[in-house]
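Counting in the working numbering, the sequence shown runs from 189 upward without gaps. Shown next, in structure tokens, is the structure this report addresses.
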Amino acid sequence: MSGFNAARSTGSTAREVVKVVHGMPTSDGAGVKLRRVIGQPGLSELDPFLMLDEFGTDAPADYIAGFPDHPHRGFETVTYMLDGRMRHRDNHGHEGVLVPGSVQWMTAGRGIVHSEMPEQQEGRMRGFQLWLNLPARDKMTEPRYQEFGPERIPVATPAAGVSVKVIAGEVGTVKGPISQPATDPTYLDIALSPGTEYVHTLPEQHSAFMYVFEGAVQAGTTTVNAGEMAVLGTGSEIRLRGAKESRAILVAGRPLQEPVARYGPFVMSTREQLIQAVEDFQNGKF
Ligand code: CO
Numbered sequence: 189m190s191g192f193n194a195a196r197s198t199g200s201t202a203r204e205v206v207k208v209v210h211g212m213p214t215s216d217g218a219g220v221k222l223r224r225v226i227g228q229p230g231l232s233e234l235d236p237f238l239m240l241d242e243f244g245t246d247a248p249a250d251y252i253a254g255f256p257d258h259p260h261r262g263f264e265t266v267t268y269m270l271d272g273r274m275r276h277r278d279n280h281g282h283e284g285v286l287v288p289g290s291v292q293w294m295t296a297g298r299g300i301v302h303s304e305m306p307e308q309q310e311g312r313m314r315g316f317q318l319w320l321n322l323p324a325r326d327k328m329t330e331p332r333y334q335e336f337g338p339e340r341i342p343v344a345t346p347a348a349g350v351s352v353k354v355i356a357g358e359v360g361t362v363k364g365p366i367s368q369p370a371t372d373p374t375y376l377d378i379a380l381s382p383g384t385e386y387v388h389t390l391p392e393q394h395s396a397f398m399y400v401f402e403g404a405v406q407a408g409t410t411t412v413n414a415g416e417m418a419v420l421g422t423g424s425e426i427r428l429r430g431a432k433e434s435r436a437i438l439v440a441g442r443p444l445q446e447p448v449a450r451y452g453p454f455v456m457s458t459r460e461q462l463i464q465a466v467e468d469f470q471n472g473k474f
């Protein structure tokens, strides 16, 4: 790139929405109804993000069957609960209940087998699960959990009418509890009152998206409605404005720019590693 760039000369470049993606209704686990936003024909991946599911329903029939035992290898799953309670249990003896506002950042690494089952018979179940890739060098790392209850997710109020839960990354001096040097992720839950603005600075080359789950948010010059994801172009900052009483997650991370070989719950770098993963799982080596 050459020539005069007015934005660059002030030291910042505005990110704009380059694509709006609609979630695709689907089901997973033992028949849980959800909306797949990343990992579907409209957006197969957004390096380093492999999948984003939004689950949200008041109907127990949509979630009651849960996600019985299934494996993962080679990446991280990030569950952010908004409403409802989900019990998590894995084959290494790790167990806990995800409550509203809690985050579970699970590094599957070399392999885990786990279940994620609703801990309720009725009422609303709502939240997100994001799959985040690991670099080739970390795919066979020991499994690890970073789990935080709602009281341990700090809240920043950068302006009147703007409230940000900082799961990963930073808002002013407020720092989220998650650590992942490989992808250096940002994960914010932003609430905006109508007409309020928030400008968030992001590393220029990080992949970034915003998913609106309540109301409508103007990102740059594009208005994004609830149920829509905006993929953001490169730049150093994104300007958000509440078009209504709104909530959105803003997520970003350093792209890995590595080959991705994926098969269901296994995400590796080569086909040979995928075959190995299936074999190891079948031989009980997770
Ligand atoms: Co899982």
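For each residue, glycine too, the CB sits at the ideal point set by N, CA and C. These figures come from a predicted structure and were not determined experimentally.
Cα-Cα separation between residue i and residue j, rounded to whole angstroms
i: ALA249; j: PRO306; result: 11 Å
i: ILE426; j: GLN368; result: 22 Å
i: VAL225; j: THR389; result: 24 Å
i: MET189; j: LEU428; result: Note that MET189 scores a pLDDT of 42, beneath 50, so its modelled location is shaky; the value from the coordinates is reported in the next line. When rounded, the distance between both Cα atoms is 27 Å.
i: PRO443; j: PRO391; result: 11 Å
i: VAL448; j: SER457; result: 5 Å
i: TRP293; j: LEU376; result: 14 Å
i: ARG435; j: VAL350; result: 10 Å
i: ARG277; j: ASP326; result: 23 Å
Supposed contact pair residue j and residue i - C-beta distance, whole angstroms, cut 8 Å
i: PRO373; j: ALA348; result: PRO373 to ALA348, Cβ: 28 Å. No contact.
i: SER290; j: GLY254; result: That belief does not hold up - the Cβ atoms of SER290 and GLY254 are roughly 17 Å apart, past 8 Å.
i: PHE316; j: ILE437; result: 7 Å
i: LEU231; j: VAL209; result: 5 Å
i: THR410; j: ALA418; result: 6 Å
i: VAL354; j: PRO346; result: No, VAL354 and PRO346 are not in contact; Cβ-Cβ is about 10 Å, not under 8 Å.
i: VAL285; j: TYR251; result: Contact flag wrong, Cβ pair sits at about 15 Å.
i: LEU380; j: VAL206; result: That pair is no contact at about 21 Å.
i: PRO236; j: ASN321; result: 4 Å
i: TRP319; j: MET398; result: That pair is no contact at about 18 Å.
i: ASP241; j: ARG223; result: 7 Å
Sheet register partners of residue i (DSSP bridge)
i: ALA379; result: SER351 and ARG435
i: THR295; result: GLU264 and ARG332
i: THR374; result: ALA440
Which of helix, strand or coil DSSP assigns to residue i
i: PRO248; result: helix
i: ILE463; result: helix
i: PHE474; result: coil
i: GLY199; result: coil
i: ARG340; result: helix
i: ARG450; result: strand
i: ASP216; result: strand
i: ARG325; result: helix
i: ASP278; result: strand
i: ASP468; result: helix
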